[in-house]
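Reviewing the structure listed below.
2 protein chains.
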Amino acid sequence: MRSFARPTLKDVAHLCGVSEITVSRVMRGAPNISEKMRLKVESAVEQLNYAPNRLAGALASRTSDLLAVIVPSMTHSVFPEVLDGIDSVLSQTRYRTVLGISHYDLEHEAALVHDLLSWNPAGIAVAGFEHTSGASDALSKFENPVMEIMDADGDPIDLSLGVSHSQAGHMMAEHLVERGYENIGYIGAWNERPSRSVKRRIAFENRLAELGKPLRCRIIREEDSSMLLGREACAQVMEAHPEVDALFFANDDLVAGALLYCLSKGISVPDQIALAGFNGLPLTEAMPMKVTTIKTPRYEMGVATAELFLDKVSGSTENTGLSRKLSMPLELLHGETT
Amino acid sequence: MRSFARPTLKDVAHLCGVSEITVSRVMRGAPNISEKMRLKVESAVEQLNYAPNRLAGALASRTSDLLAVIVPSMTHSVFPEVLDGIDSVLSQTRYRTVLGISHYDLEHEAALVHDLLSWNPAGIAVAGFEHTSGASDALSKFENPVMEIMDADGDPIDLSLGVSHSQAGHMMAEHLVERGYENIGYIGAWNERPSRSVKRRIAFENRLAELGKPLRCRIIREEDSSMLLGREACAQVMEAHPEVDALFFANDDLVAGALLYCLSKGISVPDQIALAGFNGLPLTEAMPMKVTTIKTPRYEMGVATAELFLDKVSGSTENTGLSRKLSMPLELLHGETT
DNA sequence: ATTCGAATTGACAGCGCTGTCAATTTGCGT
DNA sequence: ACGCAAATTGACAGCGCTGTCAATTCGAAT
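Residue numbers (this note's numbering), protein chains in the order written: chain R, 225 to 562; chain S, 225 to 562.
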């Protein structure tokens, strides 16, 4: 019966006549193993095609090589890009990603937090600072790194890493006013369930007001952000508020749809209406004209998240200068649409 | 010291004066537990805020509630959509997804297969039928469900589920010839690393030849598919092969870029050149004209993958009529670009 | 040679849970 | 009230690995 089962440490140990713990040490690259021993064990490992059972290892050592990651959505390309960044770093290590998708639902997020923590992950990354009190509790009791990502405007439970959406709103308000627009509107989507987009819009509105050009119109649509929605919402605004001369969109696909709409209707951009987006998605580069937007470092956020995580776990105990709260840079890309 | 550690089965058992195994049974909803006992245990669980340690459970029961999923990329929206579909089903169950990204690299995929299998997952889903021999070996020795997804043209190790890319190529060849195009070209990306795109193109070319309109030109670009690339490649073709009157693209973002290029250059679509894409991505709906494309059921593939998996694991032993090899339907969306 | 500390290896006892099978209790027909 | 099968509960022995600490070996200094 043993012959069909996966080989275990014990099998390897028997084969080369050493103790299990020694094999374990070789597998983990522990120090203080003689070269001779290492070779002997490695050849036995190869011969048996032994692969450690990570569950057993995780149980015994009381920490798994799992990083739990909770993102709100997979349909918005921003999150896959972050996951890609995380994976690019983790794939060089023994850590793997366990995924949860909250669908912008805090109750669901809380359930995911509880479930994922029951796997004893080595860390957990979750988008945003907003959680149910149950989830916050569970996260703060968790003894391994907790990383709240994508946002920089909040108070982390443990660690945080992301961009400042208030700063983004602020930047865009200044840009549009500088460019001389008078009647500025805003178009959002997802019914603003991502609290980050609320923070961005509020900062935008506040700064506009400070600059003496208060927001003229605001449309928050229920649907997910998409080019099609941008098209529709843009048409809707131009109909209802012909005086609006500039629009800031919650996401680049909205602005792309709006731009195509204007071009196809012969509406001159930016003369009749200026358009600006958010995120700096690749699709903005393929538009007939360069789109003004704010570029967010999505892949880089993923990379930084994974690096922060590795730093904390392999952690030279309360170490490096890495701050508890990392704000990553935004870049205003001034295109031809404003 | 116990007071700080997470409570265990033993703690719950002590608290309500029963054996650990009974608590275990209540937690797993096992049959043959009296109502009285269930209530007593549940209240103790609540009181202690007990959550089972899934690693221990997985080790003891020899199977974890983990589904390993290996996708080739996160930057192509197709794969996040599949993951979304998988998650939508799995999130209602105790199963979680562990993620691997192969970056279209079979060696990397093989390393991921080995690593993910060492977590004793309850199943594994991997994109495509092409693997290194080492990975194929490991997968066929794996005792739990192995699902090769995204493709239907191949011989599954265990189970497969996806769309037929040959059929897609075939369909599009017939469509373009039916519409009367004479000089047909093809534009690919990713250097055709996804073998599925090769299958699709070959079927396309073969069918065109059969219909007496052999392919006139083929450009396979090295870069990832993107609107920008579609724009460039389209310009490149029109320059080098002015006789080409129809183009089939490996992906919708390419066709979208090409369409915008043509429109901005005043090239009439489909009179001067017809354009067709593949996938049926949402962005095609927001283009100034409806794009001809083949719609693939991406989210649905994810859902079907997860359902197949659940069916096999909760499996009423070699059960339901679900075949070992499931081909999902494609739909030709005839737009205004052909 | 001898000694002592450092380097290397091993024994043992779990990690927290579940499979198996045995023990006990319950319910029901007569 | 009795007997028997079914329902309910428990004891025990791991799952495959690692932490801890003890035992052994080695090397260099004396």
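Ideal placement from N, C-alpha and C gives every residue a C-beta, glycine not left out.
Remember, predicted model here, so these are calculated numbers, not experimental data.
query, result
"With a cut-off of 8 angstroms, do at least 3 Cβ pairs link the stretch 468-477 of chain R to the stretch 400-415 of chain R?", "yes"
"In terms of residue numbering, what span does the alpha helix (DSSP H) encompassing Gly393 of chain S cover?", "His389 to Glu402"
"Please report whether the beta-carbon of Ala413 of chain S lies at a distance below 8 angstroms from any beta-carbon of chain R.", "no"
"Whole angstroms are fine: how far does the CA of Glu509 of chain R sit from the CA of Leu484 of chain S?", "12 angstroms"
"Taking only the alpha-carbon atoms, compute the straight-line gap between Phe472 of chain R and Gly454 of chain S and give it to the nearest angstrom.", "27 angstroms"
"Apart from the five residues just before and just after Pro296 of chain R, which ones in its own chain have a Cβ nearer than 6 angstroms to its Cβ?", "Ser326, Tyr328 and Ala351"
"Quick one: grab the DSSP three-state call for Glu555 of chain R.", "strand"
"The alpha helix (DSSP H) that contains Met251 of chain S, what's its start and end?", "Glu244 to Met251"
"Any Cβ of chain R within less than 8 angstroms of the Cβ of Leu501 of chain S?", "Residue identity differs from the one stated: residue 501 of chain S is Gly in this sequence, not Leu. Answer no: the Cβ-Cβ gap between Gly501 of chain S and chain R never drops below 8 angstroms."
"If you measure between the beta carbons of Arg249 of chain S and Asp289 of chain S, is that distance less than 8 angstroms?", "no"
"Is there at least one Cβ from chain S nearer than 8 angstroms to Val527 of chain R's Cβ?", "no"
"Grouping DSSP H, G and I as helix and E and B as strand, with all else coil, what is Ser312 of chain R?", "helix"
"For Leu320 of chain S versus Asp339 of chain R, is the C-beta distance shorter than 8 angstroms?", "The question names Leu, but residue 320 of chain S is Arg in the sequence shown. In contact: Arg320 of chain S and Asp339 of chain R (Cβ atoms closer than 8 angstroms)."
"Assign Arg252 of chain S to one of two classes, buried (16 or more other C-beta atoms within 10 Å of its C-beta) or exposed (fewer than that).", "exposed"
"If you reduce the DSSP assignment to three classes, tell me which class Thr232 of chain R lands in.", "coil"
"Alpha carbon to alpha carbon, how far is Ser301 of chain S from Ile257 of chain S?", "47 angstroms"
"Within 8 angstroms of any Cβ in chain S, is that where the Cβ of Asn277 of chain R sits?", "yes"
"In chain order, what residues of the same chain have a beta carbon less than 8 angstroms from the beta carbon of Leu435 of chain S, not counting five sequence neighbours either side?", "Ala397, Glu398 and Val401"
"Hey, which unbroken runs of the alpha helix (DSSP H) at 4 residues or more fall wholly within the stretch 509-537 of chain S?", "522-537"
"Taking 8 angstroms as the cut-off, decide whether the C-beta atoms of Ala413 of chain R and Asp448 of chain R are in contact.", "yes"
"Is Met298 of chain R helix, strand or coil by DSSP?", "coil"
"Under 8 angstroms Cβ to Cβ from Met395 of chain R, same chain only, skipping five residues before and after it: list those, please.", "Ile518, Leu554 and Leu556"
"Pull up the distance between the alpha-carbon of Val265 of chain R and that of Lys549 of chain R, whole angstroms please.", "44 angstroms"
"Quick check on the DSSP output: the alpha helix (DSSP H) that includes Ala457 of chain S runs from which residue to which?", "Met451 to Ala464"
"I want to verify the contact list: residues of chain R whose CB lies under 8 angstroms from the CB of Met566 of chain S, in sequence order.", "Beyond the ends of chain S as shown, which are 225 and 562, falls residue 566 of chain S; an answer cannot be given."
"Taking the straight line between their C-alpha atoms, what separation do you get for Val370 of chain R and Met525 of chain R?", "15 angstroms"
"Would you mind reading off the limits of the beta strand (DSSP E) that contains Leu478 of chain S?", "No beta strand (DSSP E) holds Leu478 of chain S; the alpha helix (DSSP H) holding it covers Asp476 to Ser488."
"Locate the beta strand (DSSP E) running through Gly412 of chain R, then write down its first and last residues.", "Ile408 to Gly412"
"Residues of chain R with a CB under 8 angstroms from the CB of Ala346 of chain S: which are they?", "Residues of chain R passing the Cβ test: none, with the nearest at roughly 12 angstroms."
"Do you know whose CA, among R:Gln460, R:Val527, R:Gly358 and R:Arg522, lies nearest Arg442 of chain R's CA?", "R:Gln460"
"Is the CB-CB distance between Val527 of chain S and Ser388 of chain S below 8 angstroms?", "no"
"Beta carbons nearer than 7 angstroms to chain S: which residues of the stretch 287-304 of chain R have them?", "Ser288, Met298, Thr299, Ser301 and Pro304"
"By the 8 angstroms beta-carbon criterion, what residues does the stretch 501-517 of chain S contribute toward chain R?", "Pro506, Leu507, Glu509, Ala510, Met511 and Pro512"
"Out of curiosity, what's the CA-to-CA distance linking Phe366 of chain S and Thr356 of chain S?", "15 angstroms"
"Between the alpha carbons of Arg278 of chain R and Glu331 of chain S, how many angstroms are there, rounded?", "21 angstroms"
"Hey, quick one: how far does the beta strand (DSSP E) through Ile443 of chain S stretch, first residue to last?", "Cys441 to Ile444"
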